[in-house]
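Chains as they are written, first to last, in this note's numbering: chain A, 754 to 1184; chain B, 754 to 1184. Structure first, then comments.
Number of protein chains: 2
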Amino acid sequence: MPSPLNVGLIGFGNIGAGVVRLLHEHAELIAERCGRPIRLARIADIDTTTKRDCPDVTAILSSDTDGLLADPQIDAVIELIGGYEPARTFVERALRAGKSVVTANKAMLARHGADLMAAAPKGASLLYEAAVGGGIPLIRAIDQGLAANRIRGIRGIVNGTTNFILTRMEAKGVRFKEALAEAQKRGYAEPDPTLDVNGTDTAHKIALLAAQCFQQDIRIGDIKVEGIESLTPTDFAYAKELDYKIKLLGIAKSESPDGPVEVRVSPTLLPASSLLGQVPGVYNAIEIDGEPVGPTLYYGQGAGPKATSSAVASDLMALAACKGNQEPPMRLRIPVGKKNLKPIEDIVTEYYLRFLVTDKPGTMAALSRVLGENNISIRSMIQHGRERAENATVILITHAAREGNVQKALQAIRALEVNKSDPFVLRVEEV
Amino acid sequence: MPSPLNVGLIGFGNIGAGVVRLLHEHAELIAERCGRPIRLARIADIDTTTKRDCPDVTAILSSDTDGLLADPQIDAVIELIGGYEPARTFVERALRAGKSVVTANKAMLARHGADLMAAAPKGASLLYEAAVGGGIPLIRAIDQGLAANRIRGIRGIVNGTTNFILTRMEAKGVRFKEALAEAQKRGYAEPDPTLDVNGTDTAHKIALLAAQCFQQDIRIGDIKVEGIESLTPTDFAYAKELDYKIKLLGIAKSESPDGPVEVRVSPTLLPASSLLGQVPGVYNAIEIDGEPVGPTLYYGQGAGPKATSSAVASDLMALAACKGNQEPPMRLRIPVGKKNLKPIEDIVTEYYLRFLVTDKPGTMAALSRVLGENNISIRSMIQHGRERAENATVILITHAAREGNVQKALQAIRALEVNKSDPFVLRVEEV
């Protein structure tokens, strides 16, 4: 039997236990498929006493992360502690020591990824299939399956918590808070769900995908992010009437090979019949449009120990399959500092605008005039009966308009006497 | 600059021209991504005069396939002539000469794949990303992204021609022949569409996927195949009423690691809200269910020079990325002769049964009695007004039943006096 790939695991929580379980249960299959076994040699975690749902690893579990990182026997390190620090430091130390690293830590990568890749010496890889889309083999699809393509665009539902909440709001007509409470009750949302519902987690993931696809040093701070907290049952009712679904999308696109890249995260109206629009509950789906391949879509479970351990193990197997600890043939380095982003005000898309206005003659004329003055033309309009004594909700869908113009128009509309509430904005994506 | 991967192309039709175009237009991107250029050194085709929609290749085009195969400069051969022979002979000669082969030829692979893989000496790979699902990087997803999983099942829409026809029949209420004529007019169906509409092409592809996923020598002859020619507008109307879509599915599954594999192709009712049910027009989508990853789905264009050239180029790039012409780390060998298939009569699924029966008292009782005697229980039934003077169409959806029992029941029903036409059978798949 050839020598095993010796692996050290840092971070022994729910996901870590899933990885231990998979490496144990599928040990034979894994060894057969990569030509040598993957051997879990050490585990480091602050908590060495809690019983986890996996085989007994008492003999290799300790709180000695330094020892693990310094162990010359360890070929590769799995980082599953999450967050920026100390994860970043551990990953950098492992790479500098010539060990490859497998991580699911999208927050760390979206802030420090390019620097960490640059710090890795030849022979040490930083692999992160588990960081985006859970078990969906997306990083490999981009790196290998679509290798000959110029990527034109990515649109992704990459956060299961928010997709569950949106699916519930749509199906049950409930408010955001109720849907969130249900997600928490089912274990689909954290006690503090802020980073999910405000779009940050989606932005972490779209930053990674955009950096990989466009080979630019795109990080979390470069991305305009809007969350789902302000959506109301009214929005879902109007979206349905207009034959749309509402999804939290991460979007990255570039119109020409050397043109600027547009990256953003926002709740978005999608045609009800589109595949992305149909993605239910906690599932993830990512559409990648390449030239010449055209649109392709990848769907699966975006989180949880099962999906994540599948992705982590695929990275370990790629390392194990390389003879003599060579690097696997993946191109996951991002040129540090190289960046050409489209200013947010230059973005052109269609808009869903919700206004609360005085319901009297002249109101629509006032709204239309402001929009017209800012080069925004209206594609459709809905106004139903009155909601309060004197005010009415008006929904407008615009034709493609420039974000800068829309912001200017909204500024002007806020100042109108007929306007009674802060206008609410969603983007619209046609297929 | 490192030495290029020298490639010979056999078969210079529509797809071949697409590959030439892509290798030319993305030459720089390809060389950068795999660390060395891919150089198209020779093209062989019987037709050396027709002008193709690609850069001028007069200098390297000839009808001398033998010369191409014997050329020691050629590292890898692209086979794009299709069909069994002479494709098989060319591929075998190339492999035996130590050249890797990239092919889109699912028919050849579904008949001879395992033998060809076995004939390939160390260092020569047989890659076929383009043979299933066009540009969808599916073979790599199974081989690498899902490498740690035990695959439990595959369900795929892998023939764009039939999916276009079914989509039209559903949307327009037209008959099979009209939808086929439209597919031909648009270039989505061949002048002779037999192998598409009778399910053979789908069976070729599901044979390849099943062999890869279950590591068994599953070939085209092992698969029970039903086509879409007998579907009527009535079936689509009833499917809609029952909230189903009708898709031509290739299915392969295995309940336990060493259990028998069930492989079949048939038009199938799928829940209208399922992603597979929503796949429109000429698109392909394949759902792969793995343990532990759960269900994943892959979607994209399944045919045409653009999608196919993307897949062919990804295989060439995998070869080029290997230093010293080593094999890329893919496990695409099938153990010749190893096979454990579930007998078709043991398959258990739900059924859609369409009968034309005499519309008089006692008819339903007669049908129900035969079904009951064969352990088939009815989940729902539809019967609308009379279609002919005395006959009525009856649709039954069964609970899960054994195929052998269903065939026995249909045999008995054919003999009933009340039965006026050959019963028509579709399978039903829940999500």
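Ideal Cβ placement from N, Cα and C applies to all residues, glycine included. These numbers come from a predicted model, not from an experiment.
Would you list the residues sitting across from residue i in a DSSP beta bridge?
i               : result
M1103 (chain B) : Here residue 1103 (chain B) turns out to be Glu, not Met, going by the sequence shown. Its beta-bridge partners are B:V1181.
E838 (chain A)  : None; E838 (chain A) has no bridge partner.
A1038 (chain B) : B:I910 and B:Y1052
K1000 (chain B) : B:T1021
S815 (chain A)  : A:A797
F1108 (chain A) : A:V1147
I1131 (chain A) : A:T1151
L879 (chain A)  : A:V854
G1047 (chain B) : B:G1043
N1172 (chain B) : B:V1110
S1007 (chain A) : A:V1014
N759 (chain A)  : A:R792
L962 (chain B)  : Per DSSP, none; premise fails for L962 (chain B).
L1094 (chain A) : A:V1014
Thinking just about the alpha-carbon of each residue, which of the options is nearest to the one in residue i?
i               : options                             : result
I768 (chain B)  : B:L1120, B:T1061 and B:I1097        : B:T1061
L1028 (chain B) : B:Y997, B:G1012 and B:P1010         : B:Y997
Q1136 (chain A) : A:E994, A:D1099, A:T856 and A:I1039 : A:E994
E778 (chain A)  : A:D806, A:T1049, A:T802 and A:F765  : A:D806
E781 (chain A)  : B:A960, B:R903 and B:P790           : B:R903
G1043 (chain A) : B:P890, B:A1118 and B:D1042         : B:P890
I791 (chain A)  : A:T801, A:D809 and A:V772           : A:V772
S1007 (chain A) : A:E845, A:K1095 and A:I1166         : A:K1095
N1093 (chain A) : A:R789, A:L899, A:A936 and A:I976   : A:I976
L948 (chain B)  : B:V1018, B:G909, B:T987 and B:G764  : B:V1018
A924 (chain A)  : A:M1117, A:T1146 and A:G1034        : A:G1034
F765 (chain B)  : B:P755, B:S816, B:E785 and B:I783   : B:S816
Going by beta-carbon coordinates alone, are residue i and residue j separated by less than 8 Å?
i               : j               : result
F989 (chain B)  : G926 (chain B)  : yes
Y881 (chain B)  : T914 (chain B)  : no
L821 (chain B)  : A857 (chain B)  : no
D945 (chain A)  : L1085 (chain A) : no
V1016 (chain A) : K958 (chain A)  : no
Q969 (chain A)  : K1091 (chain A) : yes
I981 (chain B)  : L1023 (chain B) : no
L1149 (chain B) : V855 (chain B)  : no
A894 (chain B)  : L862 (chain B)  : no
L833 (chain A)  : A901 (chain B)  : no
P1081 (chain B) : S878 (chain B)  : yes
Q1160 (chain A) : E1103 (chain A) : no
A1074 (chain A) : G788 (chain A)  : yes
R908 (chain A)  : E1182 (chain A) : yes
A956 (chain A)  : V978 (chain A)  : yes
A1056 (chain A) : G898 (chain A)  : no
R864 (chain A)  : I973 (chain A)  : yes
R871 (chain B)  : L1072 (chain B) : The question names Arg, yet the displayed sequence has Ala at residue 871 (chain B). For A871 (chain B) and L1072 (chain B), no; Cβs fall outside 8 Å.
Report buried or exposed for residue i, applying the criterion of at least 16 other Cβ atoms within 10 angstroms of its Cβ.
i               : result
S1026 (chain B) : exposed
Q1031 (chain A) : buried
I799 (chain B)  : exposed
S1174 (chain A) : exposed
E943 (chain A)  : exposed
V1014 (chain A) : buried
Y1036 (chain A) : buried
D954 (chain B)  : buried
T802 (chain B)  : exposed
R1167 (chain A) : exposed
By the three-class DSSP mapping on this structure, what secondary structure does residue i have?
i               : result
Q1136 (chain A) : strand
S1067 (chain B) : helix
G1125 (chain A) : helix
I1150 (chain B) : strand
K1059 (chain A) : helix
R905 (chain A)  : strand
N951 (chain B)  : coil
K977 (chain B)  : strand
A829 (chain A)  : strand
L821 (chain A)  : helix
M1083 (chain B) : coil
D896 (chain B)  : helix
R939 (chain A)  : coil
Since residue i meets chain C, which of its residues come closer than 8 Å, beta carbon to beta carbon?
i              : result
R921 (chain A) : Among the protein chains in the structure shown, which are A and B, there is no chain C.
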